[in-house]
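Peer 1:
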Amino acid sequence: MKDSLVAASILLANVYASSGDIGKATDIKIELHKSGAKKRIGVTVTDIDGKLWKFRAHDRSHAESAEIHEQVDRMSKRIIEHGHKYDASWIVRPMEPDETIETLLCGHSERLAMAAHFIRNRKPKRIQMTKNLRICGDCHEVTKLVALIYQCEIV
1 MKDSLVAASI LLANVYASSG DIGKATDIKI ELHKSGAKKR IGVTVTDIDG
51 KLWKFRAHDR SHAESAEIHE QVDRMSKRII EHGHKYDASW IVRPMEPDET
101 IETLLCGHSE RLAMAAHFIR NRKPKRIQMT KNLRICGDCH EVTKLVALIY
151 QCEIV
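Below, the structure is given as structure tokens:
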């Protein structure tokens, strides 16, 4: 299946899921799986101290993974203190019993990249990230709030 058809099918499945029609969303994803189609993995790349760091959602492959996830938790507490409410509308699949809205959204690759910056440099002036897919709306709002709280530019 062509990449553009895979992307369109995934988008349609996500639209069904976000409108509450999990059945149709699941049917589309089953057909994609049967066809052997692969979803493009979301990746965020950022430069920290002259070295490129690459993150995928819920990534635990880094040597500093434990510290990165602890920093994500600290960032989460701070943004909640500043009034952030997680937007579950960006979750377009059924949640597993051990998952929460917060754990799903806080594992996004851009949040891991921001956390890695704060571990390496407590007060970065600028964080620049590149993402191969579109950022979810909740991550966009979180990025703006993190920039405000931590007094740094994030692009």
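The sequence shown stops at residue 155 when you use UniProt numbering, and every number in between is there. Even for Gly, the Cβ is constructed at its ideal location relative to N, Cα and C.
What separation, rounded to the nearest whole angstrom, lies between the Cα atoms of Arg74 and Arg126?
Peer 2: Locating residue 74 in the sequence shown gives position 74, where the first residue counts as 1. Locating residue 126 in the sequence shown gives position 126, where the first residue counts as 1. Straight-line Cα distance between these residues: approximately 19 Å.
Peer 1: What are the partner residues of Ser52, as DSSP defines its beta bridges?
Peer 2: Indexing the sequence shown from 1 puts residue 52 at position 52. In the sequence as displayed, the identity of residue 52 is Leu instead of Ser. Partner(s): Asp47.
Peer 1: In angstroms, rounded to a whole number, what distance separates the CA positions of Tyr150 and His82?
Peer 2: Position 150 of the sequence shown, counted from the first residue, corresponds to residue 150. Position 82 of the sequence shown, counted from the first residue, corresponds to residue 82. Straight-line Cα distance between these residues: approximately 12 Å.
Peer 1: Residue range of the beta strand (DSSP E) that residue 157 falls in?
Peer 2: One cannot answer for residue 157 here, as it falls past the ends of the chain, which runs 1 to 155.
Peer 1: Determine the direct distance from the alpha carbon of Lys77 to that of Gln128, and round the result to whole angstroms.
Peer 2: In the sequence shown, counting from the first residue as 1, residue 128 sits at position 128. In the sequence shown, counting from the first residue as 1, residue 77 sits at position 77. Going from the Cα of Gln128 to the Cα of Lys77 covers about 23 Å.
Peer 1: Which word fits Ala66, buried or exposed, when buried means at least 16 other C-beta atoms lie within 10 angstroms of its C-beta?
Peer 2: Within the sequence shown, numbered from 1, the residue matching residue 66 stands at position 66. Ala66 should be labelled exposed.
Peer 1: For Tyr86, which residues in the same chain have their Cβ closer than 7 Å to its Cβ, ignoring the five residues on either side in sequence?
Peer 2: Taking the sequence shown and counting its residues from 1, one reaches residue 86 at position 86. Cβ within range, chain order: Ile101, Glu102, Leu105 and Asp138.
Peer 1: Given this structure, state the Cα-to-Cα distance separating His33 from Arg122, to the nearest angstrom.
Peer 2: Taking the first residue of the sequence shown as position 1, residue 33 is located at position 33. Taking the first residue of the sequence shown as position 1, residue 122 is located at position 122. The straight-line gap from Cα to Cα measures roughly 43 Å.
Peer 1: Could you tell me which uninterrupted alpha helix (DSSP H) segments, each at least 4 residues in length, are contained entirely in the UniProt domain "DYW" (83-155), listed from first to last along the chain?
Peer 2: If we require 4 residues or more, the alpha helix (DSSP H) runs fully inside the UniProt domain "DYW" (83-155) come out as 101-106, 109-120 and 137-150.
Peer 1: In this structure, does DSSP put Glu64 in helix, strand or coil?
Peer 2: For the purposes of this step, residue 64 is identified with residue 64 of the sequence shown, where counting begins at 1. Note: Glu64 maps to coil in three-state DSSP.
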